[in-house]
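In the order they appear, the protein sequences are chains A and B. Last residue of the first sequence: 345 (full-length UniProt numbering), numbering continuous. Last residue of the second sequence: 345 (full-length UniProt numbering), numbering continuous.
Protein chains: 2
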Amino acid sequence: MVKKKETITIYDVAREAGVSMATVSRVVNGNPNVKPVTRKKVLDVIRQLGYRPNAVARGLASKKTTTVGVVIPDISNTFYAELTRGIEDIATMYHYNIILSNSDMKKEKEIQLVEALLEKQVDGLLFLGGEITDSHREIFAASTVPVVLAATRDERRELPYVTIDQIQAAKEATTILVHEGHEQIAFIGGPLTDSVNGYPRYVGYKEAIEESETSFDEALVRLGDYRYRSGYEAMKSLLESQPGVSAVFAVSDEMAVGAIHAVQDLGKRVPEDVSVIGFENIPLSSQVRPLLSTVSVPMYDIGAVAMRLLTKYMNDEQVESGQVYLQYSMELRNSTKLKEWEDER
Amino acid sequence: MVKKKETITIYDVAREAGVSMATVSRVVNGNPNVKPVTRKKVLDVIRQLGYRPNAVARGLASKKTTTVGVVIPDISNTFYAELTRGIEDIATMYHYNIILSNSDMKKEKEIQLVEALLEKQVDGLLFLGGEITDSHREIFAASTVPVVLAATRDERRELPYVTIDQIQAAKEATTILVHEGHEQIAFIGGPLTDSVNGYPRYVGYKEAIEESETSFDEALVRLGDYRYRSGYEAMKSLLESQPGVSAVFAVSDEMAVGAIHAVQDLGKRVPEDVSVIGFENIPLSSQVRPLLSTVSVPMYDIGAVAMRLLTKYMNDEQVESGQVYLQYSMELRNSTKLKEWEDER
DNA sequence: CTGTTAGCGCGTTCAA
DNA sequence: TTGAACGCGCTAACAG
């Protein structure tokens, strides 16, 4: 792979076109203060020489890179991939590029990635999914560029974020099961130490149960890691030790599907014997049988809105509210019996 | 969000430490020619001042940005998301950042994205999935930085790539069905105009059929768009018009799962009445019942190897071969009857 | 409407 | 082992 080395600069274009580099810069940047004739001449030379502006030099001089950094837990996770697509689409729309990095939700790595992104002089930062600790607030506060959180929130409300009301969503999902009249509604959750997704959804479940006729029972709770396998195991354990369970709320679609399969493997049917409701509404939920009833989280929109919000901050535009909660909905399909659901919100 | 403006530079550090900026530059870049004492002093000042090197300025001066551009069809597609994770992991390992952009497989957009990435002075380019046309070869040839293709190939072998042998893989998958002794083996493919995935897999299917006892029958072929829905529709159409079909090879897992559901909805069973084999081995394939038999494509590895290859080119290291074909395998689960399969390759 | 002139923050000779 | 000086390619006043 032999490559040519001649870098052709704005200066070459200027000389060739018989104008100053300032003029070339103007036409390249669409500055209207250029006589049409000269503009055309410059444009011709640019094409002829195959000139390509150097964004790095431009970035150094203008102190803007038109790129934003994105810290995401794991791009191979459907949920975040969908979110990222929303981010990228809006970024493209506003002529920004995205530098993507996976954090695996590790605090250390998150901080380090943010640091690296800042070194690269990104114009803004999108931070997805992870829990916001004081270390995060510290580095974000020290940042000279705006930061927006997505699919997570800052309890202290110091940082702008866009997400959904997790507690409420989990509560509604559970309530659907309550309305179906079950005596024992189990819960398959994520780690309670996960303050972003795990804990809030647990709280929502608990609140719904406590407001119902039945009462909260620790024995009906199982914790997994959001993955299929853990949902399967949890359900199996539940069915074996709690024969009275006739409904379950799993806080991720993968776990919910795993739960459905566990039910089926034990010779029971969904939703006839056990109702199952999930959370997220990733494609998987409508690619299994029975179709999974789930909480529909607007993943794409969360990404898109977060990115849009970031552009506003980057352009110093006025922002009504930095804390935005997007609408979620109950997508009732075939793993639950209740087909209608009044939106109480 | 009020932000501070003071940018602290290498020059500030120099002054504060009582040395020249050249020395600071040396310690920042790990140049050994610095007396330990001065190094420590500089390091202290750096920490104290909270100095953060400006990668853009560095990029301009050194003509290296330690970032690579990645053009991908669609990050929300599981297959590519997995691939991207492989890329990102290796990139991180070699201290590169990734600028990600979605092309949706649109030729125009691909070219435009490459152009933008080149403007950003990426040190290398990873191009995923799309077909390589002359326009592509042209812009890649004109590029001063190395380009590696992943999950696609350049028939003209002008560009390096890493992928799998699609024809052979499709052929083997079909052959498994042949060995099960079916009279009519259907095919649910992608667009034949898709020279990257659609056409090769079709060729593989056809070759396998033609080498078998049975003969190729156009009526057993249906084309979809790799998505679940199209697989479902294709299978339904197949079952309705070709009652003799007892096996089908779908060129994507989503279509294969859709096919399975169509079979089931028509009151038949998989694999007892109809054997189904897919392609890709995305997580979905092991999250449905019956578990899907499929061609396992090393998605993560394709990304990882491609990125590794790119680093070699970027460092002017010796590369044995620019055309690498990774190993795939037959993942036989429960949607086919044959449980063993000799690897003939 | 166009050109001149400073930097932007840092890597890198070349001397010392 | 260290410093001075130049240049990377471009934007942004400021003149004219």
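Don't be surprised by glycine CBs; every beta carbon is placed ideally from N, CA and C.
Neighbour flag for residue i against chain B, beta carbons, 8 Å
| i | result |
| --- | --- |
| A/Ile75 | yes |
| A/His261 | yes |
| A/Ala256 | no |
| A/Asn315 | no |
| A/Pro53 | yes |
| A/Ser264 | The identity of residue 264 of chain A in the sequence shown is Gln, whereas the question assumes Ser. Yes, A/Gln264 counts as interfacial toward chain B. |
| A/Gln327 | no |
| A/Glu119 | yes |
| A/Thr78 | yes |
| A/Ala208 | no |
| A/Arg15 | no |
| A/Gln287 | yes |
| A/Ala306 | no |
| A/Gly59 | yes |
| A/Arg153 | no |
| A/Ala116 | yes |
| A/Arg85 | yes |
| A/Leu43 | no |
| A/Asn29 | no |
| A/Lys4 | Annotation note: pLDDT 47 at A/Lys4 (below 50); position unreliable, no value reported. |
| A/Leu284 | yes |
Residue-chain proximity (residue i, chain A), Cβ-Cβ < 8 Å
| i | result |
| --- | --- |
| B/Ile99 | yes |
| B/Asn334 | no |
| B/Arg345 | Low local confidence applies: a pLDDT of 43 at B/Arg345 is under 50, so the model's placement there is unreliable, with the coordinate-based value given in what follows. So, not an interface residue. |
| B/Val56 | yes |
| B/Tyr228 | yes |
| B/Glu82 | yes |
| B/Lys171 | no |
| B/Glu272 | no |
| B/Thr65 | yes |
| B/Asn281 | no |
Beta-carbon proximity check, residue i vs residue j, cutoff 8 Å
| i | j | result |
| --- | --- | --- |
| A/Thr67 | A/Val122 | yes |
| B/Arg229 | B/Gly258 | yes |
| B/Tyr313 | B/Pro146 | yes |
| A/Ile302 | A/Ala57 | no |
| B/Ile176 | B/Leu338 | yes |
| A/Arg222 | A/Glu254 | no |
| B/Met235 | B/Gly86 | no |
| B/Thr336 | B/Ser286 | no |
| A/Gly130 | A/Pro53 | no |
| B/Gln166 | B/Gly204 | yes |
| B/Gln323 | B/Tyr161 | yes |
| B/Phe187 | B/Phe279 | no |
| B/Val70 | B/Leu126 | yes |
| residue 357 of chain A | A/Leu49 | Past the boundaries of the shown model lies residue 357 of chain A; chain A is included only from 1 to 345, so the question cannot be answered. |
| B/Val45 | B/Glu16 | yes |
| B/Ala256 | B/Leu291 | no |
| A/Ile98 | B/Leu100 | yes |
| A/Ala219 | A/Leu239 | no |
Where the beta strand (DSSP E) through residue i begins and ends
| i | result |
| --- | --- |
| A/Tyr161 | Tyr161 to Thr163 |
| residue 414 of chain A | The question about residue 414 of chain A has no answer, for chain A in this structure spans 1 to 345. |
| B/Val145 | Looking at the DSSP string, B/Val145 is not in any beta strand (DSSP E), and its letter there is neither H nor E. |
| A/Leu100 | Asn97 to Asn102 |
N- and C-terminal bounds of the alpha helix (DSSP H) containing residue i
| i | result |
| --- | --- |
| B/Ala306 | Met299 to Met314 |
| A/Phe249 | No alpha helix (DSSP H) holds A/Phe249; the beta strand (DSSP E) holding it covers Ala247 to Ala250. |
| A/Ser237 | Tyr228 to Ser241 |
| A/Ile209 | Gly198 to Glu210 |
| A/Lys171 | Gln166 to His179 |
| B/Met105 | Where B/Met105 is concerned, there is no enclosing alpha helix (DSSP H), given that its DSSP letter is neither H nor E. |
| A/Ile90 | Thr78 to Met93 |
| B/Val257 | Asp253 to Asp265 |
Residues that residue i bridges to, as DSSP identifies them
| i | result |
| --- | --- |
| residue 346 of chain B | In the structure as shown, chain B starts at 1 and stops at 345, and residue 346 of chain B therefore has no counterpart that could be examined. |
| B/Leu223 | B/Gly189 |
| A/Thr294 | A/Gly278 and A/Glu331 |
| B/Leu113 | DSSP lists no partner for B/Leu113. |
| B/Leu149 | B/Phe127 and B/Tyr161 |
Any non-hydrogen atom of the ligand MN within 7 Å of residue i CB
| i | result |
| --- | --- |
| A/Asp194 | Only the bare structure without any ligand can be found here, which leaves the ligand MN out of the picture. |
Item to complete: Scan the UniProt domain "HTH lacI-type" (8–62) of chain A and note each continuous alpha helix (DSSP H) run of 4 residues or more that stays entirely inside, going in chain order.
Response: 10–17, 21–28, 36–49 and 55–62
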